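The structure appears below as C-alpha cells.
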Amino acid sequence: MPKRHKKDDEEMKLGRLHEGGEEERLVRALVGHGRPARGRRNPSPRAGSVLLPATMTGETPGTTAWPQSDQSRLAVKERIRTGRMRLPDGRQLRDIPYCLRLSTHRVKADGTGRHLAARHQLYIDRMVMQPDGSVVPDPAEAVIWFAGTIADSTIDRCRFWEAVEAREVRKTPIREEAGGGGYDKPVQIRLILELPFGFDTLIYGRIVKALVDAIAARTPDDAAAQGFRIGCHAVVHPPPGPELTGPHAGQQARNVHMHLVLHDRPARQEADGSWSFARRKCLDFSRRRFIQETKTLMCEIVNPHLARHGVFWRYHPGSYRDSGLDIAPFARVPPSHLRRDKPRVAPSAAERANALLLAGQEQEVWSDRKRWGDRKQQQRANARYRAEERRLQLQWARSDRRRGRLERVAAGLNAVVLQFRPGYVFETYEQVVEMIRESVAEAPLNPQPATARQIGAVQEMMREAGLEDLGCPWDRDCGTAGLAVRLMIEGRRQVPDRLRAQEKAAREAAERDAALARKEKQENQEEIERLRRERERLLQEQAEAESLRRRLKEAEQALQARSDDVKLWKSYTCSVLSEEQKYLEAIWIERGCDTPSLTDKDQIDLSEIEGLTADERRRLERLPPWWQRDLCDRIIKRLEVEGSARQCQRILATEGYDLLLKRNYKPLPFIAAEYSPEGAADIRRKLGKVQELKLLRLGIVTLEAARRAKIAYDLLPTPETRQEYLSYRGGWEEVRDQLQKRGLPVPQIQTAAQSPQRPRDRGGYER
Numbered sequence: 002m003p004k005r006h007k008k009d010d011e012e013m014k015l016g017r018l019h020e021g022g023e024e025e026r027l028v029r030a031l032v033g034h035g036r037p038a039r040g041r042r043n044p045s046p047r048a049g050s051v052l053l054p055a056t057m058t059g060e061t062p063g064t065t066a067w068p069q070s071d072q073s074r075l076a077v078k079e080r081i082r083t084g085r086m087r088l089p090d091g092r093q094l095r096d097i098p099y100c101l102r103l104s105t106h107r108v109k110a111d112g113t114g115r116h117l118a119a120r121h122q123l124y125i126d127r128m129v130m131q132p133d134g135s136v137v138p139d140p141a142e143a144v145i146w147f148a149g150t151i152a153d154s155t156i157d158r159c160r161f162w163e164a165v166e167a168r169e170v171r172k173t174p175i176r177e178e179a180g181g182g183g184y185d186k187p188v189q190i191r192l193i194l195e196l197p198f199g200f201d202t203l204i205y206g207r208i209v210k211a212l213v214d215a216i217a218a219r220t221p222d223d224a225a226a227q228g229f230r231i232g233c234h235a236v237v238h239p240p241p242g243p244e245l246t247g248p249h250a251g252q253q254a255r256n257v258h259m260h261l262v263l264h265d266r267p268a269r270q271e272a273d274g275s276w277s278f279a280r281r282k283c284l285d286f287s288r289r290r291f292i293q294e295t296k297t298l299m300c301e302i303v304n305p306h307l308a309r310h311g312v313f314w315r316y317h318p319g320s321y322r323d324s325g326l327d328i329a330p331f332a333r334v335p336p337s338h339l340r341r342d343k344p345r346v347a348p349s350a351a352e353r354a355n356a357l358l359l360a361g362q363e364q365e366v367w368s369d370r371k372r373w374g375d376r377k378q379q380q381r382a383n384a385r386y387r388a389e390e391r392r393l394q395l396q397w398a399r400s401d402r403r404r405g406r407l408e409r410v411a412a413g414l415n416a417v418v419l420q421f422r423p424g425y426v427f428e429t430y431e432q433v434v435e436m437i438r439e440s441v442a443e444a445p446l447n448p449q450p451a452t453a454r455q456i457g458a459v460q461e462m463m464r465e466a467g468l469e470d471l472g473c474p475w476d477r478d479c480g481t482a483g484l485a486v487r488l489m490i491e492g493r494r495q496v497p498d499r500l501r502a503q504e505k506a507a508r509e510a511a512e513r514d515a516a517l518a519r520k521e522k523q524e525n526q527e528e529i530e531r532l533r534r535e536r537e538r539l540l541q542e543q544a545e546a547e548s549l550r551r552r553l554k555e556a557e558q559a560l561q562a563r564s565d566d567v568k569l570w571k572s573y574t575c576s577v578l579s580e581e582q583k584y585l586e587a588i589w590i591e592r593g594c595d596t597p598s599l600t601d602k603d604q605i606d607l608s609e610i611e612g613l614t615a616d617e618r619r620r621l622e623r624l625p626p627w628w629q630r631d632l633c634d635r636i637i638k639r640l641e642v643e644g645s646a647r648q649c650q651r652i653l654a655t656e657g658y659d660l661l662l663k664r665n666y667k668p669l670p671f672i673a674a675e676y677s678p679e680g681a682a683d684i685r686r687k688l689g690k691v692q693e694l695k696l697l698r699l700g701i702v703t704l705e706a707a708r709r710a711k712i713a714y715d716l717l718p719t720p721e722t723r724q725e726y727l728s729y730r731g732g733w734e735e736v737r738d739q740l741q742k743r744g745l746p747v748p749q750i751q752t753a754a755q756s757p758q759r760p761r762d763r764g765g766y767e768r
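In this text, residue positions in the sequence shown follow this note's numbering: the first is 2, and each later residue adds one.
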C-alpha cells in the first residue's frame, strides 16, 4: 500500500493534460482524472490534527478553509484563481501546481509505428494532407502561435521526422543476422503544457520562444561546434470553443495549452535539404528529472507575465501537498483506456463510462476499469513471453554464427590439406557437365572399375539437377567416376536449386499480381475522389474568376495611368543613357583603345582594355547590358569604317618604349626552333591570336629592346649579352612577320625609340 501511495503521489506530481473529444473531457470532468479519492483514517501530518472551520480562520463568508475529499482539482484550481482558497493557518493559497503531460513515441526495429511522428506534426500544426502531397490549413481548427528550430514549413518538418525514423530504425549487422530483433527506438518526445487563459497573442509568442530557446540550449557542446542542434517545435492551441458541453464546459473553455515535440539526437540540415544527425544523443531528455526541470522552467517563464498583468496567483512546480493542501491523489483515466475500442456499432469505452457515471453507477466504472487492468496484465505476460522467445532466437542465432565460423575453419583446412579438390566456380549445371567431359577425356585409364556407390551418387545428383545424361563415359573406371562425383558435389554446392528458384519466381509473380490489383483498386478510388474534388475546385474557381474579372478591369485602368508615367520616365532615361553612350564612344575612338568584346552577361570585357580612367570604367559599368551591347556594336562598326591604319599611325606617332613599359607591355624573347621546336611553335601560335593593335605595341617594345641589347653587346661582348640580343632579335623577327602577314605597318628604329622631345611631324620625332 505505501508503494501504491508513492506511485499515485508521483502521478499527481507529474500532472496530466489530455486533449481529445467531448466524451473524454466529460469523463475527466466527472471522475477527476481517475478513481474517486481514498478515505484516510488519519489526516496528513501537514494538515494538523483537526480540520478548522471557516469561522475560525477569519475568512469571509463564501471562502473555503479546506477542500473536502470529494472535491475535484478543477474546483480547487478555480477557487485559487478567484482568491477563495485558504489554508488551515489562515493563509490565502496562491500557488497552483503546474500541469504537463509527457509521452514518447517509439518505432520498433521492424518498422512498426512509422510515419506517426509526421502525422502528429500535422495535427499540432492544424494542417491537412492533400492527396497530391500538399498541406492546407484545417478550416475547423486554429493556432495562436508557433516557434521551433526544425524548419519553416510543415512539409519540411514532416520530412525531418521521416528522416529521424529512418535514422533510428537502422539495424546493426548482428541484429540483421538475428532476424531484425531489437528494442523500440524513441523517435518523438511529446509534451502538452498548461498555459494561462486570457493573455495577448504576443505574450504567448514570448513564452513559446523562451521555451524553445531553453530546449535548444541543451545541445551538447561537441555537437553544437559541428553545427548540430536539438530539433524541437512548439505550437499554442486555443480552447476547444463554445460548442463544448457538459458540467465543466466553462473550465475546459479556458484550456489554452501548448504542444511541444522534440528529438533528443541533435540534427543538422545539409545544403541539399537532407538531414544528418549527431552520433550521440542528449541524455537530459531521458532522465527522470526532466519533467520536474520542465515544470520549474515553465514556472520561471510564465510567472513574470502573470505578475506583469496583475494576476495574484502563481504557478509552482510542486504538488498540492507541497502547498499545504491535503488532497488525496487521483489516478487518471489514461487515453489508452478511452481509445482501446476500435470504431464499431457498439458504444466506446468513454460512452459506457459516461452512461454509468450519469446514472450514478460509479462502482461499475471501476469494475470495467479492473477488467481492463486484467487484460493489461495479460498483455504484459504475453510481452514477457515474446521477450523470452526473442532471447532464445538470439541464442540460436549466436549458435548458428558459431557453427558458421567452424564451417569456415573447416573449409580453410580443406583448402590447405586437400590440394586435389577442384577450385572451379560454377554458375550453371551446363558448366559442370562441360567440365566433367573435359576431365574424363583427359583422365588416364584406371584398371579398377567404377563402384556401385560412385555410380549411385552421380545418378542421384543428376536427378536432383534435372540432368538425363552427362554426354561422356563418366562410369568408364574408378578414376572417371570419382571425377564425376567430386565435380557434381561441387556443382550442387555452388549452383542454386532450380526448383526453389522457380517456386520463388512464381511466388513473387503472384505477389506482384496481387499488389498490382490492390494498386489499381486504390488508384480507381483515388481517381473518383480526385474527380469529385476537381469538380468542386472548378466551381470555386468559376466564382473566383468572376470576381477576378471585375478586379482586373479596375487594375487595367490603374495600370494605364501608371503606364503613362512609366513612358515619361523611360523617355527621360533613354535620353540620359544615349548621351552617356555617345561620350564613351568618342573617348574610346579618341584614345585608340582595343576592339571591345562582350562577356557571357552581355557586358563589355574591361579586363584587357587600357586607356580608360577609373571614373570612365565606372560610368561604362553602370550602363545596362543592352546599352553596353549596342555601344560595343557601334564602336566595332566605327573602327571598321575608319580602319585600323589611322590607329596604327597614331600608335607609332605617340606611344614609345617607356610609355608601353608602364602599361605592362613586355618585349618578346624568342628561342630558335633548333633549340626548342615546341617553344617556338607555342610562341607563334600565341602571336597569331593577339589583336592587331596589341601586336603593333608588342613590336615597338621588342624592336627597342633588341636595339638596346645590340648596343650593350657592342659595348661589352659577352655570351650573356649576345644571348639576350639574339633572343630579342628573334622575337622582333617573329612579330615583324606577323605584322607583314596582317598588312600592318612595321615600326622602324626611330619610331620605336621615341624621345621625350616635341614631335616634329606625324610620323617621327626630332633627334
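Backbone N, C-alpha and C define an ideal beta-carbon position, used for all residues, glycine too.
From a predicted model like this one, the values you see are computed outputs, not experimental measurements.
The alpha-carbon of residue 153 is positioned some 42 Å away from that of residue 621. Under the three-state reduction of DSSP, residue 526 is assigned to helix. Under the DSSP assignment, residue 602 falls outside any alpha helix (DSSP H); it carries neither an H nor an E label.
DSSP lists 317 as the beta-bridge partner residues of residue 98. Counting the other Cβ atoms within 10 Å of the Cβ of residue 712 gives fewer than 16, which makes it exposed. One Cα belongs to residue 512, the other to residue 519, and the distance between them is close to 11 Å. The alpha-carbon of residue 383 is positioned some 10 Å away from that of residue 376. Nearest in C-alpha terms to residue 124, of all of 114, 115, 138 and 133, is 138. The region 472-488 makes contact with the region 437-454; the number of CB pairs closer than 8 Å reaches 3 or more.
Minimum Cα-Cα distance from residue 171 among the listed residues 186, 161 and 160 corresponds to 186. Between residue 473 and residue 441, the C-beta spacing is below 7 Å. By the 16-neighbour rule on beta-carbons within 10 angstroms, residue 198 is exposed.
A distance of 7 Å or more separates the beta carbons of residue 163 and residue 188. Taking all protein chains shown into account, residue 126 has 16 or more neighbouring C-beta atoms within 10 Å of its C-beta and is therefore buried. Here residue 540 is exposed. Its C-beta has fewer than 16 other C-beta atoms within 10 Å. Here DSSP, grouped into helix, strand and coil, assigns residue 190 to strand. Classified as exposed, residue 742 has fewer than 16 neighbouring CB atoms from the shown chains inside 10 Å of its CB. Under the criterion of beta carbons closer than 8 Å, residue 211 and residue 302 qualify as touching, at roughly 5 Å. Residue 662 carries a helical assignment under DSSP once its states are collapsed to helix, strand and coil. Taking C-beta atoms as the reference points, residue 618 and residue 666 fail to come closer than 7 Å. One Cα belongs to residue 393, the other to residue 122, and the distance between them is close to 38 Å. In this chain, the alpha helix (DSSP H) harbouring residue 168 covers 155-169. Between residue 267 and residue 285, the alpha-carbon positions lie close to 12 Å from each other.
In the structure shown, residue 270 adopts extended strand secondary structure according to DSSP, grouped into three states.
Taking a cut-off of 8 Å for Cβ pairs, the region 714-728 and the region 677-695 do not touch, as fewer than three such pairs fall below it. Counting every other CB atom within 10 Å of its CB across the protein chains shown gives residue 378 a total below 16, marking it as exposed.
Boundaries of the alpha helix (DSSP H) around residue 681: 678-690. Leaving aside the five residues that flank residue 661 on each side, the residues in its chain whose CB is nearer than 7 Å to its CB run, in chain order, 698, 701 and 702. Close CB contacts of residue 142 within its chain, under the 6 Å cut and outside five residues either way in sequence, are with 127 (chain order). Scanning its chain for C-beta atoms nearer than 8 Å, with the 5 sequence neighbours on each side dropped, one finds around residue 146 the residues 202, 205, 206, 209, 236 and 237, in chain order. Taking a contact as a CB-CB distance under 8 Å, the pair residue 688 and residue 739 counts as one, their CB atoms being some 5 Å apart.
Per DSSP, the beta-bridge partners of residue 238 are 258.
In the structure shown, residue 477 adopts coil according to DSSP, grouped into three states.
For the pair residue 166 and residue 108, the CB atoms are nearer than the 7 Å cut-off. Of the residues 328, 304 and 310, the one whose Cα lies closest to the Cα of residue 318 is 304. Counted as a single uninterrupted DSSP element, the stretch harbouring residue 713 is not any beta strand (DSSP E) but the alpha helix (DSSP H) occupying residues 693-716.
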